[in-house]
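Undergrad:
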Amino acid sequence: LLKNDYPTSDSSEKNQLAKDKNDIQLRMSMAYYQQQNWKSSLSRIKRYQPRDTKETLQALKIRVVSELQLEKWKDAEKTVGRIIRFEPNQKSWWQQLISTQLQQGKQLSALESYALSKLQGIQLTQSEYVVLAQLYGQHRMPEKAARILKEMFNEYPKSQSEKHLKLQANYWQIAKEWNKAINGWQRVASMNPKYHWRLAQLLIQQSRYKQALGIIDKAKPYANRNDFSMAKIRLLYKLNRYQDALAEAKR
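So this is what it looks like as structure tokens:
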């Protein structure tokens, strides 16, 4: 009879007890977090059952830091992915997601994450543009790699260094975008004359003999003697300058 008379009170006490136990898990996880005891913090936060979006996000953030500190890259990737659903405009979460994917050797997944972050309107830094271009290059997409660097140059004009221009010219060449590659190597050679040899070889390869003749002597100090001589003989021969070709051969 008494049991039936007070059902609400019993139910209320049980609910309060469950809530208290749940809150204890969160408080203990946070205490371990403060002590940088990542294993215990992670263990406790996994037992915690959040009741709303705010609590869910708080728990996920505690969880992902612990997973990252413990180098649980696969678990951290999943947790960050869940956080991004709540905070898609927070760049730091995209960075963490890509980092965890690279730690696992999942370059293609990292590429996809970069693409998704750009669609989300996340602004890339100069170094992130370079990493993205290199990822495309590693996955045999040199044209995309070169275009990413072009985006970087537009966004960060001061990034047009010899190193980055050389990287782009190389990607254009691998992609067989010959005109873009030649233009790229011309820019690089204007910064560093040793690349006149690379440019001359490409011009000859593409049958742009008159243009090659105009710069090949600039390449001489930077080329193997025999390779240079053979290239120049071939060039002069292609331009029907047979006497000059013969004179070069006798040197």
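The numbering used here puts the last residue of the sequence shown at 255; the count rises by one with no breaks.
Note that the Cβ used here is the ideal one computed from N, Cα and C, for glycine as well.
Just so we're clear, the structure is a prediction, and the values are computed from it rather than from any experiment.
What separation, rounded to the nearest whole angstrom, lies between the Cα atoms of residue 86 and residue 180?
TA: 41 Å
Undergrad: Identify the continuous alpha helix (DSSP H) that holds residue 230 and give its terminal residues.
TA: That run of the alpha helix (DSSP H) goes 229–242.
Undergrad: Can you name the start and end residues of the alpha helix (DSSP H) that residue 195 belongs to?
TA: 182–195
Undergrad: With DSSP as the reference, label residue 48 as helix, strand or coil.
TA: Three-state DSSP puts residue 48 in a helix.
Undergrad: Distance check for residue 128 and residue 140, CA to CA, integer angstroms please.
TA: 15 Å
Undergrad: Using a Cβ-Cβ cutoff of less than 7 Å, which residues in the same chain neighbour residue 192 once the five nearest sequence positions on both sides are dropped?
TA: 166, 169, 170, 173, 199
Undergrad: Could you compute how far the alpha carbon of residue 134 sits from the alpha carbon of residue 153?
TA: 7 Å
Undergrad: Excluding five sequence neighbours on each side, which residues of the same chain lie with their C-beta closer than 7 Å to the C-beta of residue 71?
TA: Non-local beta-carbon contacts of residue 71 in its own chain, meaning distances under 7 Å to residues more than five positions away in sequence, involve 46, 79, 80, 83 in chain order.
Undergrad: If you reduce the DSSP assignment to three classes, tell me which class residue 94 lands in.
TA: coil
Undergrad: My output table needs one value for residue 128: the three-state DSSP class, helix, strand or coil.
TA: It is coil, neither helix nor strand.
Undergrad: Output the distance between the C-alpha atoms of residue 177 and residue 145, rounded to the nearest integer angstrom.
TA: 12 Å
Undergrad: Can you tell me the Cβ-Cβ gap for residue 97 and residue 73, rounded? I've got them flagged as a contact below 8 Å.
TA: With a beta-carbon spacing of about 16 Å, residue 97 and residue 73 fall beyond the 8 Å limit used to define contacts.
Undergrad: Hey, residue 186 and residue 207: beta-carbon distance below 8 Å or not?
TA: In this structure, residue 186 sits near residue 207, with a CB-CB distance shorter than 8 Å.
Undergrad: Who are the near neighbours of residue 227 in its chain, counting only those whose CB is closer than 7 Å to its CB and skipping five residues on each side?
TA: Within the same chain, and ignoring the five residues on either side of residue 227 in sequence, the residues whose Cβ sits closer than 7 Å to its Cβ are 201.
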